[in-house]
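Each residue of the sequence shown is one higher than the one before, counting from 161 in this note's numbering.
One structure is given here, and the rest of the page talks about it.
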Amino acid sequence: MRNNHRLRWAAIPLAATLAVVLAGCTQAQLHGFLPGFEEEGETAVTNQTDRIAGLWTTSWIVLLIVGLITWGLIIWTIVVYRRRKGQTGLPVQLRYNMPIEIFYTVVPLILVIGFFAFTVRDQVAIEARYDNPDVKIEVQAKQWAWDFNYVDENVYSPGIQGQLDPNGETGAINQSELPVLVLPVNKTIEIALESRDVIHSFWVIDFLYKKDIIPDRTNYMSVTPERIGTFAGKCAELCGEYHSLMLFNVKVVSQSDYDTYVASLRTAGNVGQLDNQFDRNQNQPGTSAPTAPEGN
């Protein structure tokens with residue numbers, strides 16, 4: 161009778177696990193509730209989003225299994241070794257249990273090595289630069305907006321920080337005035353990231369990827385957009401007073417629409433590149449900025 165009672169308690173964690181595993185999952189749930197997977201059957205936003213989502217979701221599954229086993233053992237210990245009616249004193253005390261000690265050492269070591277190995281594998285793939293990208297973009301981050309240079313086409317798109325929408329709700333941003341980075345779908349793209357002032361971070365939310373932008377250093381992001389649409393972006397590094405307004409949109413379009421957009425920039429007179437000649441760090445002490453003679 162006592163053994164049956166123990167089995168019933170031990171079956172609770174197992175039943176809970178089966179209920180979760182056997183339940184139907186949406187696309188968002190299968191990808192760990194990450195952005196970009198809201199609707200069933202949608203194409204991945206980029207060539208890397210499935211990889212990133214897979215690493216995230218698999219890690220959580222492993223951790224949840226470890227958690228369920230741990231919680232199950234705790235509940236089992238509480239139930240099986242509880243003090244029963246008529247018992248007095250403490251139960252038999254053990255100094256150690258060698259098999260359990262080895263288990264508690266080896267399993268965490270395997271988990272840490274596994275997480276590290278899979279993270280490095282995916283990081284190497286994500287950070288790899290294209291040998292001959294179809295499109296080269298240069299992003300100039302500035303307090304508190306973005307300029308986009310289309311390098312191969314020798315045109316640019318200047319940006320201003322987010323402006324409040326006078327006709328919208330309180331705090332609403334006028335989306336039509338945000339900087340827009342236009343990219344052709346299914347093309348290999350290399351984005352060079354530059355900063356004119358302080359550290360920023362280029363984050364396209366649905367790309368599941370962001371990268372810091374550091375003054376006097378060029379970082380690169382290599383990506384292939386695979387779904388047409390408009391995706392929100394923002395600076396993910398606190399960069400000053402109007403950091404929250406350092407917003408932009410990425411618009412992934414067909415090749416013909418991309419060519420039309422580039423032609424519109426050229427027609428508007430946005431020919432050339434916006435570079436670091438506007439870098440205001442040149443005016444700070446310790447740089448080559450001219451200084452006034454003493455006594456003036």
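Heads up, the beta-carbon is just placed ideally off N, CA and C, and yes, glycines get one too.
Since the model is a prediction, treat every value here as computed from it, not as a measurement.
Shown here, Asp307 sits in a strand according to DSSP, grouped into three states. For Val345, there is no enclosing beta strand (DSSP E), as DSSP gives it neither H nor E. At the C-beta level, Gln208 and Val412 stay beyond 8 Å of one another. Ala423 and Asn327 have their C-alpha atoms spaced approximately 32 Å apart. Just so you know, the alpha carbons of Ala204 and Arg387 end up roughly 7 Å apart.
Counting of Cβ neighbours within 10 angstroms places Glu298 among the buried residues, the total reaching 16 or more. Counting along the chain, no beta strand (DSSP E) covers Glu386, and no H or E run does either. The alpha carbon of Gly389 has as its nearest neighbour, out of Asn346, Tyr402 and Gly227, the alpha carbon of Asn346.
Counting every other CB atom within 10 Å of its CB across the protein chains shown gives Leu250 a total below 16, marking it as exposed. By the CB criterion at 8 Å, Val342 and Tyr418 fall inside the cutoff. Note on Thr427: under 16 other CB atoms within 10 angstroms of its CB, so exposed under the neighbour-count rule. Assignment of Ile374 by DSSP, reduced to helix, strand and coil, places it in the coil class. Setting aside the 5 residues that flank it on each side, Val315 is surrounded in the same chain by Val422, Leu425, Arg426, Asn430 and Val431, each with a C-beta closer than 7 Å to its C-beta; the list follows chain order. Per the coordinates, the alpha-carbon of Gly400 lies some 24 Å from the alpha-carbon of Leu368. In the DSSP secondary-structure assignment, Asn409 is bridged to Val340 and Ala392.
Taking 8 Å as the cut-off, the beta carbon of Gln300 is found no closer than this to the beta carbon of Tyr402. Per the DSSP secondary-structure output, Met381 pairs in a beta bridge with Ile351.
Nearest to Asp372 by C-alpha distance, out of Glu329, Lys302, Asn334 and Arg243, is Lys302.
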